[in-house]
Amino acid sequence: MWCASIGYWLPSGNDLMRVGPDLALIAAIVLILLTTMVTGRRALATAVIVMLGLTAGFLLNWNAGVWVSHHGPDTILEPVPASMIIVDGFTVYFRFLLLIFLAGVTSFWLLGANRQEKDSPEFFTLLLGSAVGMSLMVSTLNLLMIVVAMELASLPSYALAAFDRNSRKGAEAAVKYVIFGSITAATMVYGVSLLYGLFGTLNLAEIAQQMPFVLAEHGRTPLFYLAILAFAVGVGFKISAVPFHFWCPDVFEGARVEVTMWLSVASKAAGLCLLLRVMQTLAAGPTGAVGEYVGPIAGAIGLFAALTCFVGNLSAYRQTSVKRLLAYSSIAHAGYMLMLGAILLRPELSEGAWTAIIAYLLIYMFMNLGAFGVTALVEHYSGSDHIEQFNGLGRRAPWLAVAMAVCLFSLVGLPPLGGFLAKWWLLWALADGGGWLWALVIWACLNTAFSLFYYARIIKHMFLTEDTREKMRVPMSGVAIVQLCAVVLILTGTILAAPIRTAATRYAQGLLQSRTAETLTLTDHAPDETHESMLHH
Amino acid sequence: MELFSQHILSWIIFTPIVGAALCLILPTRWSRTLAMAASLITLLLCISLYATYGPAAADTPEARQEVFGVQYGDMKHVERASWITGEKFAIEYYLGVDGLSFPLVVLTGVITFLSCWASFTVKKAIKGYYILFLLLETGMLGVFLSLDFFLFYVFWEVMLLPMYFLIGVWGGPRKEYAAIKFFIYTLAGSVLMLVAIVACYFFSASALGGRGTFDIVQLSTNQSILQKFSDPHTLLLGFRFAPFMFLLFAIGFAIKVPTFPFHTWLPDAHVEAPTPISMILAGILLKMGAYGFFRIAYPIFPTVAREFAWFIAAIGVISIIYGALCAMAQTDFKKLVAYSSISHMGYVILGLAILNKTGFQGAMFQVLAHGISSPMCFFLVGVIYERAHHREINRFGGLWLTMPRYSSLATVGFFASLGLPALCGFIGEVYVLLGTFRAKDTFDWAVPMAVIAALGAILTAGYILWMIQRVYLGPAKDEYKGFPDANRNEIGILVPLAALCLLMGILPTHTVFNFMNGTLDLLQEKIVASAGIVGHLASSIGM
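Residue numbers (numbering that gives the first Met the number 0), protein chains in the order written: chain A, 0 to 536; chain B, 0 to 542.
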């Protein structure tokens, strides 16, 4: 909304409603800090505020979703070409997943021994802060906003990694994480500045449109690739794609289960969605340019995706800490999902790719929520997440063990569980492309077979290894959450398979239609404005 | 009643699941009864398919056409409903039965029921055991009855998980190793199959123009698909499509069969698995590999079957000889039976490879005969292991004198496995060998292969007779004097199996051939026609 009196753009109330979920989380942060001043550090009070914030966020997101489905994507801070925030179907979808996952992390934190701790306000302030960053990462096409959102997501993460103040490992991990993170962030900013220098705009949609004209000039293409590479370093760090995954072992080792869960699942998903959105935007440029300039990028993404899933699986293979094992497995899954980045630039394939990514993200979240949840409960109630602690879990806590088994087999991708369907749609989308993408399909399949080694090791410890310890007492609510995840996975693999596919397809179609509409507006309006301003002069 | 008669195959597949759900809900003391009831009902449902296939016993051309249809792919009791449908794909819930799957479904019913009965030896965590057992049965039946690739794959994998736990939790001392080895091998094979399934879909899409298909029957009968697949210019990653895909499928199935280079999981899995599970492994799981070749690999890629016939036959012959030699070297009773399975399944591969009617019939008969005789052998080993708590062949001796009833049934089982005339093992081997000799006009290598394979029969006789001599004959040893003879349960399980061995050996046409030859002949004609083989193979008639 143009506010004539002050000569500046201000968001309207309507616009604010679209970013309502982010505002709700920010409000929760402020409330936590204020409450702490009044009541002192109370874990329960904090938790109540967090849950309220999440509920409010959920409802506002619902509202935003309804609005988006009626009016199409909302661009905030107009005019359109320079929009800072875009709220479209994908943003809404990602926020839903993020909020559900946050609720899961919060519950496991509360169910653990951490309930007694005085640090809860700090923990949740940081957690919610990084959640806001992640939500923003997925709702922008502005390079500057991307940098800001990524920093907003990263900075609290550094502190979260070191949250155990008494743990030397945690401190070491955090230092490494900070150093690695700042270097990659700096590289990314460098890439962004190069892009700005080249194109004179920070808006990715515009960059995509201008690509053929700007890059046609001799000698600019290498600079463009350098910029993209530098940009990719930052994103690669976030999704811990090979070769930017070196921070993982220490951080996953030093941090608590909840933090590991947050950093390895949510943060990765956010980075991945950002990357896919960027690819999609670049691919929406003029057809010739896409093939010429974006094609090589897609090939490189495919290659790095293949490396990422292999390295993730290979590193998970030898782990004895279940937390770390799952964290590495999430790298492998990021690799599978990254493969889809390779096909986004082909318009005829992008629907399949988005359908796959939407279904994969949903199932990926439930698989990891369940598996990390069981790990968190085992760690809290037996003191460690070493794989030996899982010995005989099938007898000591049968419901927990069964849920874990379902989640793990789903992570492997065995039918009739959701993980199989997710992987199936992914392979499907890749295979639809044909050509060299078949190599990715085969590679993903071989990696699946390989991943069984380490997932089955946990299963072996739970069911096959004898153990004489007495039964484990686990709160019913914790069991209920992980069981819920298991049930969701079984249903999504069988009777819900068709509805999920239909819904994901419809969602993807909506997304792509709105994207095309947007591009159209851009191309239609841009000359007009210039024309107008020229007249004005 | 409508609901029942229209959906008989669904009932067959899902009755065990219902049993499993009841086991989960009801108290543990009922688990065994429930599992027995569920597997018995499933068996009766399987046998009820006889209503459809019974007329084939008349063995007239009209009856055959009535039962088996006029071309390959005429299925009975078809159930078809769309499951996951989109613009570009249609995954169906598609079931059907023909002369190829009917005998295997009945075999599955029989063996599962008997091994459920034989599970009285299992004492640990029986609730979990029976739940997994029934899930396994659903998976097996689903594989034999589904005609949609996606559905087939789902059932194929559904079978894996229960098997892993059944070996891993209830198995012997090295159960963990055996279970994971089985799991990894099979999964490796099935992910390759997954690639091939996806590839078949997309390449059939370009053949049909528009949507592809997961319909196994359509893939193997539609001319434009077959042409597209076998076209040497159809490439995937630079490889010729048909051989590449055939290889992916064949590895998946060869691991299951198992044939020579992929067989190493089998001895471990068999030895460590509890007796009833060994029975299922040998009696049904191995048959899935053979079924896969018959149903998928051969009909969809007939040209490859023709081109690489020598290679497949060689693999089969190597399995026969190698398995027999390994079996001869074993001192562990159960391992001997396990290696003998590899040897016997080699005949199936050889019979397939030669692509004539006699060979196909022999191979399929061998599948069924081995499906009866090897569970019997494993159960026989289990019975003696229960008493002696060891399986060292050389430590036994003179059991006939202490356990006459058990030992006389044992001889029936082992002689059936040996291939003695009048018992089931004989027919399959003879058909395969005759078929191979007959194929001499098409394949130059047929006669030498047949000769070597025939040598395998001698080796088989060698290790089985030698084993019988060491275990059952000779003077009674003191340590085995007090052994009770086979009890009522054991007799109850062994007698039906022995009876089937005899019946199939004496009346092969009336018990087996009449119910499957119709489909097998159609299948062979189809393969031969689409592989472009003319002359002897096409005109050679079955026995």
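Every residue, glycine too, gets a C-beta built ideally from N, C-alpha and C.
I want to verify the contact list: residues of chain B whose CB lies under 7 Å from the CB of V440(A), in sequence order. Those are V194 and V197, listed as they occur along chain B.
CA-to-CA distance, W427(A) to F201(B), given in whole angstroms: 9 Å
Ends of the alpha helix (DSSP H) at S383(A)? Where S383(A) is concerned, there is no enclosing alpha helix (DSSP H), given that its DSSP letter is neither H nor E.
Short-range partners of chain B found in the stretch 464–480 of chain A, where Cβ spacing is below 7 Å: For the stretch 464–480 of chain A, which is checked against every Cβ of chain B, not one residue is closer than 7 Å.
For the stretch 65–111 of chain B, list the beta strand (DSSP E) runs that are entirely contained and at least 3 residues long, ordered along the chain. 75–84 and 89–96
Check the DSSP bridge columns for I357(A) and list the partner residues they point to. According to DSSP, which records beta bridges pairwise, I357(A) is partnered with nothing at all.
Out of G251(B), W264(B) and I457(B), which has the shortest C-alpha to C-alpha gap to A177(B)? W264(B)
For S145(B): DSSP bridge partner residues: DSSP, once it has assigned bridges, lists L94(B) as partnering S145(B).
Leaving out five residues before and five after T307(A) in sequence, what residues of the same chain have Cβ atoms less than 7 Å from its Cβ? A240, V241, I330, A333, G334 and L337
Is there a C-beta anywhere in chain B that falls below 8 Å from the one on R317(A)? no
Compare the C-beta of A455(A) against all C-beta atoms of chain B and say whether one is closer than 8 Å. yes
Whose C-alpha, out of A370(A), K267(A) and R167(A), is nearest the C-alpha of L324(A)? The shortest C-alpha to C-alpha distance from L324(A) to any of A370(A), K267(A) and R167(A) is the one to A370(A).
Three-state secondary structure (DSSP) at V86(A)? strand
Would the stretch 374–386 of chain B and the stretch 440–460 of chain B be scored as touching if the rule is three or more Cβ pairs under 8 Å? no
From this set, L463(A), L490(A) and R255(A), which residue's C-alpha is nearest H379(A)'s C-alpha? Measuring from the Cα of H379(A), the nearest candidate turns out to be R255(A).
Specify the secondary structure class of L495(A) as computed by DSSP and reduced to three states. coil
Which same chain residues end up closer than 7 Å to P526(A) when comparing Cβ atoms and leaving out the 5 residues on each side of it in sequence? Residue confidence is low: P526(A) scores 39 on pLDDT, short of 50, so the model does not pin down where it sits. Its coordinate-derived value is still stated next. The answer is none, since no qualifying residue turns up.
Would you say G211(B) and A253(B) are within 8 Å of each other, going by their C-beta atoms? Cβ atoms of G211(B) and A253(B): not closer than 8 Å.
Which parts of the stretch 159–212 of chain A are runs of the alpha helix (DSSP H), unbroken and 4 residues or longer, counting only runs that do not cross its ends? 167–198
Bridge partners for N141(A) per DSSP, in chain order? DSSP, once it has assigned bridges, lists N202(A) as partnering N141(A).
Quick one: what's got a C-beta closer than 6 Å to L392(A)'s C-beta in the same chain, skipping five residues either side? Result list for L392(A): A400 and M461, in chain order.
Excluding five sequence neighbours on each side, which residues of the same chain lie with their C-beta closer than 6 Å to the C-beta of A415(B)? Answer for A415(B): S372, L422, C423, G424 and C500, listed in chain order.
Beta carbon of L99(B), beta carbon of T518(B): below 8 Å? Yes, these two residues count as a Cβ contact at 8 Å.
Proximity to I499(A) [Cα-Cα], best of R472(A), G432(A), G418(A) and A375(A): G418(A)
Does any residue of chain A bring its CB to less than 8 Å from the CB of I540(B)? In this prediction, I540(B) scores a pLDDT of 41, lower than 50, which makes its location untrustworthy; the coordinate-derived value is nonetheless stated afterwards. Judged by the 8 Å Cβ criterion, I540(B) is not in contact with chain A.
From the DSSP output, which residues share a beta bridge with F248(B)? F248(B) is not bridged to any residue.
To the nearest angstrom, how far is it from the Cα of V104(A) to the Cα of L335(B)? 54 Å
Closer than 8 Å to chain B by CB, C444(A): Answer yes: the Cβ-Cβ gap between C444(A) and chain B drops below 8 Å somewhere.
Exposure label - G88(A); buried when at least 16 CB within 10 Å: Counting Cβ neighbours within 10 Å, G88(A) comes out buried, since at least 16 surround it.
Below 8 Å on the Cβ atoms is my guess for S134(A) versus L193(A); work out the distance and round it to an integer in Å. Going by Cβ atoms, the distance from S134(A) to L193(A) rounds to 27 Å, so no, they are not a contact pair.
Is D58(B) helix, strand or coil when you go by DSSP? coil
Taking only runs that begin and end inside the stretch 405–448 of chain B, name each unbroken beta strand (DSSP E) of 3 or more residues, in chain order. none
Between Q388(A), T493(A), L425(A) and Y453(A), which lies nearest to E465(A) when the distance is taken from Cα to Cα? Ranking the options by Cα distance to E465(A), first place goes to Q388(A).
What are the residues in the stretch 57–84 of chain B lying within 9 Å of chain A by C-beta distance? S81, W82, I83 and T84
Check whether chain B comes within 8 Å of W246(A), counting only Cβ atoms and requiring the distance to be less than that. no
So which residues on chain A does I254(B) lean against when the C-beta distance must stay under 9 Å? Near I254(B) there are no residues of chain A at all, since even the closest Cβ is about 11 Å away, more than 9 Å.
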